[in-house]
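Below is one structure, written out as structure tokens; comments come after it.
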Ligand SMILES: [Zn+2]
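Residue numbers (this note's numbering): 14 to 309.
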């Protein structure tokens, strides 16, 4: 069942003020990525999980032009997965090879197999300072959720529960997607840790909750009855690539390469890795780029 509910992120605190919760419905976001990349189910799940957690991390950004960028490189057949989200809720993402399918004996998608475990998860927060804040951890399972939990624990020293999932229909379209990050505040005691562990153990997959049509806010309140909802935020698939952006990239090429595009190929085509949009440059446009470069 595909629901028409809009994607959103909800931020809350619970167990007094001892834990912080970020939760998202990301069904439309992941379906938009699936259409852009024409991806197979397992790759849709791998990218969808990555984009969902990236969006949850970015929901803490204060300015619309600040970014969170995630790069997962596990040496698996999908290659490198990239996801980017900004402070306004715009999210985009890609993987090198999105047409692979892998499932386990029980029929579940084998995300760990396409992602691989021989590599790293890197998170960069670009908040307009000179250098982005970047943390990197080794991958543990390649299942994404566990790997992010490890990132929070090791790189940010925040004990966290990360639950993220994508449910795919038999026709490859996305049925439901969602994610939740539960984080312990530094002063949280043993009783709080135990309470969170109990809830985590009782939780069903996020994609299952989302496919049942529960509102994100209601799910938080169901898991933590004393939760105080702090904020609702939007999230959407959006790529900000443009022809100017690719013209700048072409201007950075060697003169001889540009000349070859003009004289041999009589034009060029560039494709955005994130949204797969193609930009065509005519011979004339390439000449202009080359002339500007020569003048510079
Ligand atoms: Zn694009």
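In this text, a Cβ means the ideal position worked out from N, Cα and C, and glycines have one as well.
Opening and closing residue of the alpha helix (DSSP H) in which residue i lies
| i | result |
| --- | --- |
| residue 156 | Counting along the chain, residue 156 falls outside any alpha helix (DSSP H), and DSSP gives it neither H nor E. |
| residue 377 | Residue 377 lies beyond the range of the chain shown here (14 to 309); nothing can be said about it. |
| residue 308 | 296-308 |
| residue 278 | Neither: residue 278 is in no alpha helix (DSSP H) and is coded neither H nor E. |
| residue 48 | 40-50 |
Simplified DSSP assignment, three categories, for residue i
| i | result |
| --- | --- |
| residue 57 | helix |
| residue 164 | helix |
| residue 16 | Note that residue 16 scores a pLDDT of 48, beneath 50, so its modelled location is shaky; the value from the coordinates is reported in the next line. It is coil, neither helix nor strand. |
| residue 114 | coil |
| residue 233 | helix |
| residue 146 | strand |
| residue 126 | helix |
| residue 263 | helix |
| residue 220 | helix |
| residue 258 | helix |
| residue 74 | coil |
| residue 69 | helix |
| residue 289 | coil |
Delimiting residues of the beta strand (DSSP E) encompassing residue i
| i | result |
| --- | --- |
| residue 269 | Per DSSP, residue 269 belongs to no beta strand (DSSP E); it is in the alpha helix (DSSP H), 268-273. |
| residue 196 | 187-197 |
| residue 106 | 103-108 |
| residue 135 | 133-139 |
| residue 5 | The chain is shown only over 14 to 309; residue 5 falls outside these bounds and no answer can be derived. |
| residue 225 | Looking at the DSSP string, residue 225 is not in any beta strand (DSSP E), and its letter there is neither H nor E. |
| residue 240 | First-last for residue 240: undefined, no H or E at that position. |
| residue 86 | 80-86 |
| residue 99 | 93-99 |
| residue 26 | 21-27 |
Exposed unless 16 or more other CB atoms sit within 10 angstroms - verdict on residue i
| i | result |
| --- | --- |
| residue 152 | buried |
| residue 136 | buried |
| residue 310 | In the structure displayed, the chain extends from 14 to 309; residue 310 sits before or after that span and is not available. |
| residue 273 | exposed |
| residue 97 | buried |
| residue 302 | buried |
| residue 50 | buried |
| residue 231 | exposed |
| residue 65 | buried |
| residue 237 | buried |
| residue 118 | exposed |
| residue 160 | buried |
| residue 106 | buried |
| residue 259 | buried |
| residue 269 | exposed |
Whole-number beta carbon distance between residue j and residue i, since they are thought to touch under 8 Å
| i | j | result |
| --- | --- | --- |
| residue 104 | residue 249 | 7 Å |
| residue 79 | residue 141 | 6 Å |
| residue 187 | residue 40 | 6 Å |
| residue 133 | residue 150 | 7 Å |
| residue 190 | residue 168 | The Cβ separation is near 25 Å, so there is no contact. |
| residue 90 | residue 127 | 6 Å |
| residue 158 | residue 62 | 7 Å |
| residue 201 | residue 52 | 39 Å between Cβ atoms; not a contact. |
| residue 246 | residue 26 | No, residue 246 and residue 26 are not in contact; Cβ-Cβ is about 15 Å, not under 8 Å. |
| residue 59 | residue 37 | 17 Å between Cβ atoms; not a contact. |
| residue 208 | residue 28 | 6 Å |
Nearest to residue i (by Cα), restricted to the options the options
| i | options | result |
| --- | --- | --- |
| residue 178 | 118, 57, 134 | 57 |
| residue 309 | 296, 295, 265, 286 | 265 |
| residue 9 | 164, 157, 196 | A query on residue 9 cannot be resolved here, the shown segment of the chain reaching from 14 to 309 and no further. |
| residue 71 | 148, 138, 88 | 138 |
| residue 215 | 176, 172, 243, 181 | 176 |
| residue 123 | 110, 204, 155 | 155 |
| residue 290 | 276, 254, 297, 299 | 254 |
| residue 102 | 251, 257, 213 | 251 |
| residue 48 | 181, 209, 99 | 181 |
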